[in-house]
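Undergrad: Here it is: the structure, laid out below.
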Amino acid sequence: MCVSFFVTHFIQPTGILIFLLFLDHVQVTKEAATGVAPIAVNDDGQNSIIIVSGANLKLTAADVREHESVVTHAKVLICQLEIQPETSLEALRIAKQHGVTTILNPAPAQATLDPELYKVSDIFCPNETEVYGILPTNTRNLSFFRSFLQCNCKTLSFSFGVLLELLECTDFFMQAEILTGLPVTTVEEAEKAADVLLDKGCKKVIITLGEKGCLCKSSKSEKGIHVPARKVSPVDTTGAGDAFVGSLAYYMACHKDLRLEEAIQKACHISSISVCSPGTQTSFPYRKDLPQDLF
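Each residue of the sequence shown is one higher than the one before, counting from 170 in the working numbering.
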């Protein structure tokens, strides 16, 4: 993890004392601001996010190798693309070499990925939008997002003016640039997209589908498994995918007797709880507040 100097002054007293964060391998840089993700949420609880990577891009494959014992002693490694893809790839390679279970959540989506990223992931877990991919920013995209903020925004972490300034300098904006060559609006379309990803070398694919739940398919199975989501009235869907992936990793690491389908069902349940509260990390439930049948 790479952060700016300011953040360490904030997370050291609060993170260690309240959340028991493990900070031994946090690196500090004065060359960039800490990565941020301003979020706009509309009246239906749906979100749109701008990624400003900042110090995230300072984390290198060499940094991973320097601290590889953290990876080799893990039960499950989760990677994503908010850092340099080659950095995630190096961590995944090391994990595979040492028998560590690997999960890749390819977010934020990129139009092209190193083919090896598909092959070193035990579970490749995009959402339906990430299956599409992203386009470079252009005038049409900026106009759309301005309209979204002005007309639909319910909660903003940043002022409207600051968000527009950030939008002008971001490198990518989420749009329907199809990675798989297929749209994903139904469970059936998700299964077809999963087949494309399996053909790229994935062992198992889980495509999260929001209120439709998720679709899981293995390279060894002819038919995918649809796990429906619980019916809820979402307040804020931000972080739902993180809640799902984090919960799934927990079950894979600590409840190895569970079948994957059962682990997915429980992870979906926890994710559905998270969307009923505002915020991202603040919406993630504590274990003590979850139904005991999840454990």
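Backbone N, C-alpha and C define an ideal beta-carbon position, used for all residues, glycine too.
Return yes when the Cβ of C371 is within less than 8 angstroms of the Cβ of S443, no when it is not.
TA: No.
Undergrad: What are the boundary residues of the alpha helix (DSSP H) that I439 is part of?
TA: Taken as a continuous stretch (DSSP letters only), the alpha helix (DSSP H) holding I439 covers L429 to S443.
Undergrad: Output needed for T308: all residues of its chain with C-beta closer than 8 angstroms, excluding positions within five of it in sequence on either side, in chain order.
TA: Confidence is the limiting factor: at T308 the pLDDT is only 40, short of 50, which leaves the residue's position unreliable and the question unanswerable from this model.
Undergrad: Alpha carbon to alpha carbon, what distance is there between P254 and Q279?
TA: So the two alpha carbons sit approximately 10 angstroms from each other.
Undergrad: For the beta strand (DSSP E) containing T271, name the first residue and the last one.
TA: That run of the beta strand (DSSP E) goes T270 to N274.
Undergrad: Helix or strand or just coil, what does DSSP make of V245?
TA: V245: strand per DSSP, three-state reduction.
Undergrad: Excluding five sequence neighbours on each side, which residues of the same chain lie with their C-beta closer than 7 angstroms to the C-beta of A418?
TA: Result list for A418: V245, I247 and I272, in chain order.
Undergrad: Starting from S257, follow the alpha helix (DSSP H) in both directions and report where the run begins and ends.
TA: Per DSSP, S257 belongs to the alpha helix (DSSP H) from P254 to Q266.
Undergrad: Apply the 10 Å Cβ neighbour rule to E297 and answer buried if 16 or more other Cβ atoms are within range, or exposed otherwise.
TA: Buried: at least 16 other Cβ atoms inside 10 Å.
Undergrad: Give me the Cβ distance between K386 and V404, rounded to the nearest whole Å; I'm assuming they're in contact under 8 angstroms.
TA: That belief does not hold up - the Cβ atoms of K386 and V404 are roughly 31 angstroms apart, past 8 angstroms.
Undergrad: So, does the stretch 354-371 touch the stretch 410-430, judging by three or more C-beta pairs under 8 angstroms?
TA: Touching, no.
Undergrad: Rank P460, G448 and R234 by C-alpha distance to the C-alpha of A436 and give the top, closest one.
TA: The shortest C-alpha separation from A436 is found at P460.
Undergrad: Just to confirm, are T407 and I208 a CB contact at a threshold of 8 angstroms?
TA: For T407 and I208, yes; Cβs fall inside 8 angstroms.
Undergrad: Please list, in chain order, all residues of the same chain as Q215 whose beta carbon is under 7 angstroms from its beta carbon, the five residues on each side excluded.
TA: Same-chain partners within the cutoff: T406.
Undergrad: Classify T203 as buried or exposed, calling it buried when 16 or more other Cβ atoms lie within 10 Å of its own Cβ.
TA: Its Cβ being crowded by 16 or more others within 10 Å, T203 is buried.
Undergrad: Grab the span of the alpha helix (DSSP H) containing L366 for me, first residue to last.
TA: Looking at the DSSP string, the run of the alpha helix (DSSP H) that includes L366 is V356 to D368.
Undergrad: G393 and E360 look like a contact to me (Cβ under 8 angstroms); what is the Cβ gap, rounded to whole Å?
TA: At roughly 4 angstroms, the Cβ-Cβ gap stays under 8 angstroms, so G393 and E360 are in contact.
Undergrad: Could you give the residue range of the beta strand (DSSP E) that holds A209?
TA: Looking at the DSSP string, the run of the beta strand (DSSP E) that includes A209 is I208 to V210.
Undergrad: Which value, in whole angstroms, describes the spacing of the CA atoms of T306 and T229?
TA: Confidence at T306 is low in this model, with a pLDDT of 40, below 50, so the placement of that residue is unreliable and no value is reported for it.
Undergrad: Compute the distance between the beta-carbons of K381 and V356, then report whether it is under 8 angstroms.
TA: Yes.
Undergrad: Please return the same chain residues whose Cβ sits closer than 8 angstroms to the Cβ of Q434, not counting the five positions on each side in sequence.
TA: Result list for Q434: V396, in chain order.
Undergrad: Taking the C-alpha atoms as reference points, what is the distance between L192 and E391?
TA: The straight-line gap from Cα to Cα measures roughly 44 angstroms.
Undergrad: Indicate the three-state DSSP secondary structure (helix, strand or coil) for V197 in the structure shown.
TA: Reduced to three states, the DSSP call for V197 is strand.
Undergrad: Relative to the C-alpha of R262, which residue among E285, H424, N274 and S402 is closest?
TA: Looking at the Cα atoms, E285 is the closest of the given residues.
Undergrad: Which residue's Cα is closest to the Cα of T449: F464, H236 and V210?
TA: For T449, the nearest C-alpha among the options comes from V210.
Undergrad: Locate the alpha helix (DSSP H) running through C423, then write down its first and last residues.
TA: Taken as a continuous stretch (DSSP letters only), the alpha helix (DSSP H) holding C423 covers A409 to C423.
Undergrad: What's the C-alpha gap between F453 and L226?
TA: Between F453 and L226, the C-alpha separation is close to 26 angstroms.
Undergrad: Given a cut-off of 8 angstroms, decide if R399 and S441 are closer than it, judged by their beta-carbon atoms.
TA: Yes, these two residues count as a Cβ contact at 8 angstroms.
Undergrad: Considering only C-alpha positions, which residue in the set K265, V195, D458 and D364 is nearest to A224?
TA: The candidate whose alpha carbon is nearest that of A224 is V195.
Undergrad: Cα-Cα, which of I219, S402, I292 and H424 is closest to E251?
TA: Checking every option, the nearest Cα to that of E251 belongs to I219.
Undergrad: Would you say K288 lies against chain B (beta-carbon separation less than 8 angstroms)?
TA: Here there is only one protein chain, and chain B is not present.
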